[in-house]
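One structure is given below, encoded as structure tokens.
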Amino acid sequence: MLKNFYGSIIFTIICLTLAGVVGYTESGGALGVAATMVFIAAILGVMETSLSLDNAVVNASVLKDMDEKWQNRFLTWGIAIAVFGMRIVFPLAIVAIAAWVSPWEALSIAISDKTRYEEIVTGAHVGISGFGGAFLMLVGLTFFFDDDREHHWLGFIEKPLSAFAKIPFSPYIATAVIVAALSLLVEGSERQTFLIAGLSGVATFFAVEKLGDLLGGEEDATGKVVRSGAGGFIYLEFLDASFSFDGVIGAFAITNDILIIALGLGIGAMFVRSMTIALVRGGHLSEYRYLEPGAFYAIIALAVIMLMSIRIHTPEIVTGLIGAVLIGAAFWASVRHQKLFPEEYEEDGDADAILPTGDVQPDVHTA
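Shown next, in the form of structure tokens:
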């Protein structure tokens, strides 16, 4: 499994070196500043990785149903979009839209007037929280509002939630109600901003779902449409974007240097890629059956934190710890269940494990 992380380790060394160069250049040759920039980039990398543990698990749950071609496209093109698009272009787009300036002027502000750049990006927090929180809430509720799931981790929570699957568009209705209720916590124009952003997140998720079904939807044995091909790729890109909102905004609590933010968050994005590859190629989602629901609990927790951030600020370290604790608990529960009921895993095997060549790994339990 460690070999899946070699590329991320090399990428980290390169990014930390570049962070030192940026600090050295911007400070006119001060080694202390260069060392500080390296430290900040490392902290951002750790923060982004901890915030994105659930992202890796969900990525793997979608990728395992995609063919080798689209898996490789997501793990190459997708990561380039994640690092360059969401960590660099997205903050600049916020500045360009919020300040009504051209992209080139937004870049100039980011480089020459970092304080103003930070103020503009953080000033868009309400809209970003509404959109990203609503989108992630739908991701989580769509998973739990499903009566076809075979395994439940916390049955006393998940089984009642699965009953909502009988209500048409129940995840959308629930999310829209949550957004409308939380909008009462903000005053004036920000209420309208939050409502529009939240409902736009709902509409975007619906559009991505339908587009995914059209471009790459295939029915599984139960008749349920699973995402594959271009549809799965688009869904994963929007999902990664939603996860990135929190990290990009949270990074400004540490530094307002766009280059250091891009380098630090890029490190986190690469480790998410490595974790995704390890999960897909190792077939661990079938081996650790509660890891997937644990990730979706973490997604809902992140969605709640993002939506509530219009009134309550949650430190990024707390957000990351919540996700890590939930996934850690799901992993422990999976290992415990496997020890208590080994016969279930002998029957299921690891049939969905995918080798680096893209071939399906034989079922080692029954071969």
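Heads up: the sequence shown begins at 1 in UniProt numbering, then just goes up one per residue.
A virtual CB, placed ideally from N, CA and C, is assigned to each residue, including glycine.
- In this structure the region 40 to 59 lies against the region 260 to 270, because at least three pairs of beta carbons, one per stretch, are closer than 8 Å.
- When DSSP states are grouped into helix, strand and coil, Leu-211 belongs to the helix group.
- At a Cβ-Cβ threshold of 8 Å, Ile-260 and Asp-54 do not count as neighbours.
- Rounded to whole angstroms, the gap between the alpha carbons of Val-335 and Val-139 is 26 Å.
- For the pair Ala-278 and Asn-72, the CB atoms are not nearer than the 8 Å cut-off.
- The three-state secondary structure of Leu-16, taken from DSSP, is helix.
- Here Arg-311 is exposed. Its C-beta has fewer than 16 other C-beta atoms within 10 Å.
- The region 297 to 304 and the region 122 to 129 do not touch, with fewer than three beta-carbon pairs separated by less than 8 Å.
- Taking C-beta atoms under 8 Å as the contact rule, Tyr-235 and Val-62 qualify, at a distance of about 7 Å.
- The three-state secondary structure of Pro-160, taken from DSSP, is helix.
- No Cβ-Cβ contact shorter than 8 Å links Ala-80 with Leu-92.
- DSSP, read as helix, strand or coil, puts Trp-70 in helix.
- Looking at the backbone, the Cα of Gly-294 and that of Asp-146 are separated by about 15 Å.
- Looking only at Leu-211, Lys-159, Glu-150, the smallest Cα-Cα distance to Ala-230 is reached by Leu-211.
- Using a Cβ distance threshold of 8 Å, Ser-8 and Met-270 count as a contacting pair.
- With a threshold of 16 other beta carbon atoms within 10 Å, Ser-244 meets it and is buried.
- Close CB contacts of Arg-149 within its chain, under the 7 Å cut and outside five residues either way in sequence, are with Ser-162 (chain order).
- Going by C-alpha positions, Ile-88 is about 22 Å away from Thr-276.
- Between Glu-187 and Arg-289, the alpha-carbon positions lie close to 44 Å from each other.
- The region 152 to 161 and the region 169 to 178 do not touch, with fewer than three beta-carbon pairs separated by less than 8 Å.
- In its chain, beyond the 5 residues on either side, Pro-171 have a beta carbon closer than 7 Å to the beta carbon of Thr-142.
- Excluding residues up to 5 positions away in sequence, Phe-131, Phe-135, Phe-238 lie with their Cβ nearer than 8 Å to the Cβ of Thr-204 in the same chain.
- Asp-54 sits in a helix when the DSSP states are folded into three classes.
- Per DSSP, Tyr-290 is not a residue of any alpha helix (DSSP H), being assigned neither H nor E.
- Residue Gly-133 holds the alpha-carbon nearest to the alpha-carbon of Leu-195 among Gly-133, Ala-330, Pro-103.
- Rounded to whole angstroms, the Cβ separation of Ser-27 and Ala-19 is 12 Å, and the two are not in contact under 8 Å.
- Taking all protein chains in view, the Cβ of Ser-52 is crowded by 16 or more other Cβ atoms within 10 Å, so the residue is classified as buried.
- For Lys-114, the secondary structure class from DSSP, reduced to helix, strand or coil, is helix.
- Spatial neighbours of Phe-164 in its own chain (CB-CB distance under 6 Å, excluding positions within 5 residues in sequence) are listed in chain order as Phe-145, Ser-170.
- Only exposed fits Ile-14, as fewer than 16 other CB atoms lie within 10 angstroms of its CB.
- Non-local C-beta neighbours of Thr-36 in its own chain, meaning closer than 7 Å and more than five positions away in sequence, comprise Gly-23, ordered along the chain.
- Ala-176 has its alpha-carbon roughly 34 Å from the corresponding atom of Thr-255.
- Non-local C-beta neighbours of Tyr-297 in its own chain, meaning closer than 7 Å and more than five positions away in sequence, comprise Leu-326, ordered along the chain.
- A straight-line Cα-Cα distance of about 10 Å links Thr-314 and Gly-320.
- Under the criterion of beta carbons closer than 8 Å, Ala-106 and Val-95 qualify as touching, at roughly 4 Å.
- Per DSSP, the unbroken alpha helix (DSSP H) holding His-125 starts and ends at 125 to 144.
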